[in-house]
Structure formats: C-alpha cells, structure tokens
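To start, the structure under review is shown below, and the notes come after it.
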Amino acid sequence: MKVFVKCFSQVKYAVGTSELSLDLNSGATTADLETMIREKSAGTLDDVTLRIAVNKQYVSKPIPLDDGDEVAFIPPVQGG
Amino acid sequence: MIITPKELHNWVSTGRSFVAADIRPEEQRYHFPISGLEVIIATAENLPERKKESLVLICQFGVLTEELIVEKNLDNAYSLLGGVQSWEAFQTDNMDLSRWSRQTILPEIGMAGQRKLQDSKITIVGMGGLGCPAAQTLAASGVGNLQLIDGDVIELSNLHRQPLYNINDIGRSKVTVACKSLKKLNEKLTVIAEERTLDESNGQELLKDADVIIDATDNIKTRQVIDHISKTARIPMVYGGLYRFEGQVAVLNHNGGPGYEHIFTPDATGGDTCAEAGVLGMLPAIIGNIQALEAVKIIIGLKPNLSGKLLLYDGITHETNTINVGVNR
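Chains as they are written, first to last, in this note's numbering: chain A, 557 to 636; chain B, -10 to 318.
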C-alpha cells in the first residue's frame, strides 16, 4: 500500500523533504512509519517529540494504516 | 473630508451653522432613526442647497457619503465617519467608536463587538517577533486593555522582526518602549508594562485578570507554565510558535478544549529558538497576526476558531494545514 507523508518543521529538515510517498507492507502502523522517519533523520530527531496525524486527525496511539492515508509528523517549535 | 460623531456633537453644542443631510433610503431611516440631530432628507442625486454653511452628509455606515463627496467634488462637505451606526453609539454612551467604522460595518463585529474589544483585556507574554505584531494590530483594532510581559531589553538583532522598536531603543526595556509605541497607535489604549520574565512563581498573579492570553514566548518551558495557568484559571490561550519558515497557531484551553500539554505531550521537547534556527521577519508578523485575529474572535464570540485544531503555515509554499487535535483515535 502507498501512504503519503508530510514532514513539518524540524522533521522536514531532518529527512530532507517536506513530502514523501512510501510503499508499506499491508498492516503497517503509524509506529512503523515513525521508526522509519526517525531512522531517516540520522539521530537528529532523537530528542524531539513527534505528534502524528492521520488524514489531518491526531492519533494518540499506534494505528494500522490504509492505502492512500496521509500521515503528518509534527514536532513542537520554540521560536517566537 | 470626514467628521467624527464627537466633532459633530461639538458643532451642535456650540451652535455652529451647518446643514445635515440624511441620504439613506426610507426603509433604513425607519429601522435606524437618527437622534439628537436635525437633518434634511435627501438623496445622492438631490442634495440640499446651501449658502456658506458646511454640509454634513449622513448614511448608515459613512462609506457612501465619503464616496459621494469625492465623486461630486463637493466643497465644504463632510461625511459623518461611521454614519448613523457610530452617531447613535455615541449618543448612547458618549463613546466615539467611529475610527473603527471599517470594522464595525462588518455584521460579525458591529458596535456590540467593538464595545467588547474596548472592554477586553489581553495579556501578551513575550514582546518579541510574535508579540510585537500581535500587540500592534490588537491596539489598532480597539482592544481597550493590553498587558505586556517581558523582561528582555531590545537588541540590534531584534529590529528586523519587531516593528515596535527602532535603532534608538537598543538596550531599553522592550515592554516600556512597546507601551509608548502602542499609545501612538491608539491613544485610548490602557497598556500595562510588566518588565519581568513570566515563570511559575509569578505567572498566576500576572495572568489572573486576562480575558485572553497570547503566548508569544520563545521556549517550551514557559509555554507549559502558561498552559497550566490558562487551564486552571479557565483563561483561553492563543499559542504561536515558529521554526524557520513555518509557524503554528492554536487556541488552547478554550471552554474545556485541549491545551498545550495535549497537543505536544506534557514532557515535549524539540525545536530551536529564532536565534538558533533563524527567522525571516515576515513570518512572525504573519503568525503573530493570526494569533491576534484568534484573540479578537474569542473576545467577540466569532466562531469557528482554532480551538481543538493546530494550524500549520508554511511561508515558502503558503500551504496551510489544519490538524484536528481535539479527538484522539
């Protein structure tokens, strides 16, 4: 299945792009995807809290993904 | 030329000779009668004749009459600013709100909304990149009371994004200078400067009287302190944050809605300050103004607002994403 990933703020700079299109095995979850994103970041997101939204809706625990889902990774930002 | 309700009232009280013409249609005159002023019923095509007297043209909101004076190139003619709407408000409580006539003409705001703004108190924590533009437009929009909290002094590197300060202000207290700049924008504004950093020891006392808190800080720890007070004191908080070309805005703890700890977990970490990550001056102006807009919407009760949502703005693509954070799956 194919999912679309949106990377915001620090995540965008950590993985080098704001959008990704990924082929995942059936049954993959948001937790699997987070692991992939953190691995891509080469450690730069180790100390960064990430919130995840699926189809613009926050999820508070890992959920299975469906084909065509849009998954957003949102870190807190400090600047003001 | 324009004349405000207060100035026109002075003309009446001092017995100045002038001709006032109400050019509104009959139905409007019926539903919104004008009081305390002798007027001639007229139309745009058929204005009253006069000799040397000034002519005051009156419509419902003061827009048509301004256009008419320009269109007909009328000499010694005045448009009543804010029209009958502002005149009647002045008759009621002696408050001249005509300078906000371009706002009060909006049905969602009106005189009732403007009065709510006038009576409101908004506290801004942090008078940097977000706080300056937010304070600027809130003061100009007619918010009656602002409280500014910041212990910092102005530095040269602040000036590109903090338009209340200039080169002569380097080394001076941000809140002190901001107060003076804001009073120039709106002399009716009551503004209180708190030259200290908000923390757990003073936060409760500083925020207790606010109707809305604007979080314009530059660190997560202070946000968490504000969030806790906002939640326990039931004072809504408008969060704003920046990272390079991106910004975030949310309305937090509004009518039991989610707070910062819900959006980013109680032990959230990450991000960099503007000093660390860099920031282009326009981005805080955009995000700070969205925060100010949400604060005004809360005060006047205009919905929907960003409660239960997180707005993400990208200054490069101009893409906005609104994430629903209110209900977790």
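Glycine residues also receive a C-beta, built at the ideal position from the N, C-alpha and C atoms. Bear in mind that the values here come from a model prediction, so they are computed numbers and not experimental data.
Contact belief for residue i with residue j at Cβ below 8 Å, rounded distance in angstroms
i, j, result
"Ile252 (chain B)", "Ala239 (chain B)", "6 Å"
"Val320 (chain B)", "Leu187 (chain B)", "Since the displayed chain B opens at -10 and closes at 318, residue 320 (chain B) lies outside it and no answer follows."
"Ser90 (chain B)", "Leu106 (chain B)", "Between Leu106 (chain B) and Ser90 (chain B) the Cβ distance is about 14 Å, and since that is not below 8 Å, they are no contact."
"Asn134 (chain B)", "Thr206 (chain B)", "Not quite, the Cβ-Cβ distance comes to about 20 Å (not below 8 Å), so this is no contact."
"Met116 (chain B)", "Ala124 (chain B)", "7 Å"
"Cys263 (chain B)", "Gly635 (chain A)", "4 Å"
"Gly140 (chain B)", "Glu184 (chain B)", "6 Å"
"Ile203 (chain B)", "Gly260 (chain B)", "So it is not a contact: roughly 19 Å between Cβ atoms."
"Ile58 (chain B)", "Ser68 (chain B)", "6 Å"
"Val45 (chain B)", "Phe7 (chain B)", "6 Å"
"Val637 (chain A)", "Tyr232 (chain B)", "Any answer about residue 637 (chain A) is impossible in this case: the structure gives chain A only from 557 up to 636."
"Lys169 (chain B)", "Asp85 (chain B)", "At roughly 23 Å, the Cβ-Cβ gap does not stay under 8 Å, so Lys169 (chain B) and Asp85 (chain B) are not in contact."
"Gly270 (chain B)", "Arg161 (chain B)", "Not confirmed; about 20 Å, so no contact."
"Ala10 (chain B)", "Leu36 (chain B)", "6 Å"
Alpha carbon of residue i to alpha carbon of residue j, nearest angstrom
i, j, result
"Ile181 (chain B)", "Asp82 (chain B)", "25 Å"
"Gln258 (chain B)", "Leu148 (chain B)", "First, the amino acid is wrong: residue 258 (chain B) is Thr here, not Gln. If you take the alpha carbons of Thr258 (chain B) and Leu148 (chain B), they lie about 28 Å apart."
"Gln237 (chain B)", "Thr3 (chain B)", "54 Å"
"Asn244 (chain B)", "Val201 (chain B)", "12 Å"
"Ile218 (chain B)", "Ser190 (chain B)", "11 Å"
"Glu38 (chain B)", "Ile12 (chain B)", "14 Å"
"Gln103 (chain B)", "Leu145 (chain B)", "36 Å"
"Phe629 (chain A)", "Leu606 (chain A)", "6 Å"
"Ala587 (chain A)", "Ala609 (chain A)", "12 Å"
"Ser715 (chain A)", "Asn611 (chain A)", "No statement about residue 715 (chain A) is possible, as the shown extent of chain A runs from 557 to 636 and does not include it."
"Tyr614 (chain A)", "Leu53 (chain B)", "48 Å"
"Ile305 (chain B)", "Ala274 (chain B)", "15 Å"
"Ile94 (chain B)", "Arg594 (chain A)", "51 Å"
"Thr(-7) (chain B)", "Val227 (chain B)", "34 Å"
"Ile589 (chain A)", "Val142 (chain B)", "Going by the sequence as given, residue 589 (chain A) is Leu instead of Ile. Approximately 44 Å between the Cα atoms of the pair."
"Asp216 (chain B)", "Gly118 (chain B)", "20 Å"
"Gln49 (chain B)", "Glu15 (chain B)", "12 Å"
"Ile30 (chain B)", "Ile23 (chain B)", "11 Å"
"Glu328 (chain B)", "Ala33 (chain B)", "Nothing can be reported for residue 328 (chain B), as the shown portion of chain B is limited to -10 through 318."
"Thr591 (chain A)", "Ala584 (chain A)", "11 Å"
"Gln136 (chain B)", "Val561 (chain A)", "41 Å"
"Glu55 (chain B)", "Met(-10) (chain B)", "8 Å"
"Gly277 (chain B)", "Glu265 (chain B)", "19 Å"
"Ser565 (chain A)", "Thr126 (chain B)", "27 Å"
"Gly51 (chain B)", "Gly267 (chain B)", "45 Å"
"Val627 (chain A)", "Lys220 (chain B)", "29 Å"
"Ala101 (chain B)", "Leu153 (chain B)", "29 Å"
"Lys177 (chain B)", "Asn155 (chain B)", "23 Å"
"Asp64 (chain B)", "Arg5 (chain B)", "17 Å"
"Pro631 (chain A)", "Lys197 (chain B)", "30 Å"
"Thr319 (chain B)", "Ser87 (chain B)", "This structure cannot speak to residue 319 (chain B), because chain B is shown only from -10 to 318."
Member of the options whose CA lies at the smallest distance from the CA of residue i
i, options, result
"Arg18 (chain B)", "B:Val1, B:Ile47, B:Lys41, B:Ile113", "B:Ile47"
"Asn294 (chain B)", "B:Leu301, B:Glu60, B:Gly304, B:Glu283", "B:Glu283"
"Leu272 (chain B)", "B:Ile30, B:Asn157, B:Leu301, B:Gly297", "B:Leu301"
"Ala199 (chain B)", "B:Ser109, B:Leu291, B:Gly245", "B:Ser109"
"Val567 (chain A)", "A:Asp602, A:Leu621, A:Pro620", "A:Asp602"
"Asn581 (chain A)", "A:Lys558, A:Ala609, A:Tyr614", "A:Lys558"
"Thr311 (chain B)", "B:Gly304, B:Lys298, B:Ile305, B:Glu77", "B:Lys298"
"His307 (chain B)", "B:Lys61, B:Val164, B:Phe234, B:Ala264", "B:Phe234"
"Ala222 (chain B)", "B:Asn242, B:Ile288, B:Ala101", "B:Asn242"
"Ser296 (chain B)", "B:Gly277, B:Gly270, B:Tyr249, B:Phe79", "B:Tyr249"
"Gln280 (chain B)", "B:Leu57, B:Ala101, B:Ile113, B:Leu63", "B:Ile113"
"Gly131 (chain B)", "B:Gly315, B:Val285, B:Lys292, B:Trp0", "B:Val285"
"Lys596 (chain A)", "A:Ala570, A:Pro618, A:Asp625", "A:Ala570"
"Gly315 (chain B)", "A:Asp622, A:Asp625, A:Leu576, A:Ser616", "A:Ser616"
"Leu621 (chain A)", "A:Asp579, A:Cys563, A:Thr600", "A:Asp579"
"Trp76 (chain B)", "B:Glu97, B:Glu176, B:Glu27, B:Arg150", "B:Glu27"
"Asp256 (chain B)", "B:Gly270, B:Gly290, B:Ile288, B:Thr211", "B:Thr211"
"Ile288 (chain B)", "B:Gly72, B:Glu97, B:Gln74", "B:Glu97"
"Gln92 (chain B)", "B:Thr254, B:Gln74, B:Ala10", "B:Gln74"
"Leu291 (chain B)", "B:Ser162, B:Thr309, B:Gly99", "B:Gly99"
"Lys163 (chain B)", "B:Ile138, B:Lys41, B:Asn313", "B:Ile138"
Closer than 7 Å: residue i CB and nearest the ligand HEM heavy atom
i, result
"Leu295 (chain B)", "As far as ligands go, the structure on display features none, and thus does not contain the ligand HEM."
Residue i at chain E interface by Cβ criterion, 8 Å
i, result
"Val314 (chain B)", "Note that chain E does not occur in the displayed structure, where the protein chains are A and B."
Select from the stretch 147 to 176 of chain B all residues with a C-beta closer than 7 Å to any C-beta belonging to chain A, and list them in chain order.
none
Counting only Cβ-Cβ distances shorter than 9 Å, please list the residues of the stretch 592 to 623 of chain A near chain B, keeping chain order.
Leu601, Asp603, Val604, Thr605, Leu606, Arg607, Ala609, Val610, Lys612, Gln613, Tyr614, Val615, Ser616, Lys617, Ile619
Compile a chain-ordered list of the residues in the stretch 115 to 141 of chain B whose CB is closer than 7 Å to at least one CB of chain A.
Gly115, Gly117, Gly118, Leu119
Please identify, using Cβ separations under 7 Å, the residues of the stretch 259 to 273 of chain B that lie next to chain A, in order along the chain.
Gly259, Gly260, Asp261, Thr262, Cys263, Ala266, Val268
Going residue by residue through the stretch 134 to 184 of chain B, where are the continuous alpha helix (DSSP H) segments of at least 4 residues, counting only ones entirely within it?
163 to 174
Complete runs of the beta strand (DSSP E) confined to the stretch 183 to 222 of chain B [at least 3 residues]
201 to 204
Counting only runs of 4+ residues fully inside the stretch 66 to 138 of chain B, write out the alpha helix (DSSP H) ranges in chain order.
72 to 82, 90 to 93, 99 to 108, 120 to 130
So if I threshold CB-CB distances at 7 Å, which residues from the stretch 210 to 244 of chain B count as touching chain A?
Gly229, Gly230, Leu231, Tyr232, Glu235, Gln237
Using a beta-carbon distance cut-off of less than 7 Å, what residues from the stretch 564 to 593 of chain A approach chain B?
Phe564, Ser565, Gln566
Alpha helix (DSSP H) segments (min. 4 residues) lying fully within the stretch 275 to 301 of chain B:
none
Output, in sequence order along the chain, the residues in the stretch 188 to 210 of chain B whose CB is closer than 7 Å to any CB in chain A.
Ala205, Thr206, Asp207, Asn208, Ile209
Return the residues of the stretch 278 to 294 of chain B that lie within a Cβ-Cβ distance of less than 9 Å from chain A, sorted by chain order.
none
Listed in chain order, which residues of the stretch 25 to 50 of chain B have Cβ atoms closer than 7 Å to some Cβ of chain A?
none
Kindly provide the ranges of any beta strand (DSSP E) runs that are 3 or more residues long and lie completely inside the stretch 9 to 54 of chain B, ordered along the chain.
43 to 47
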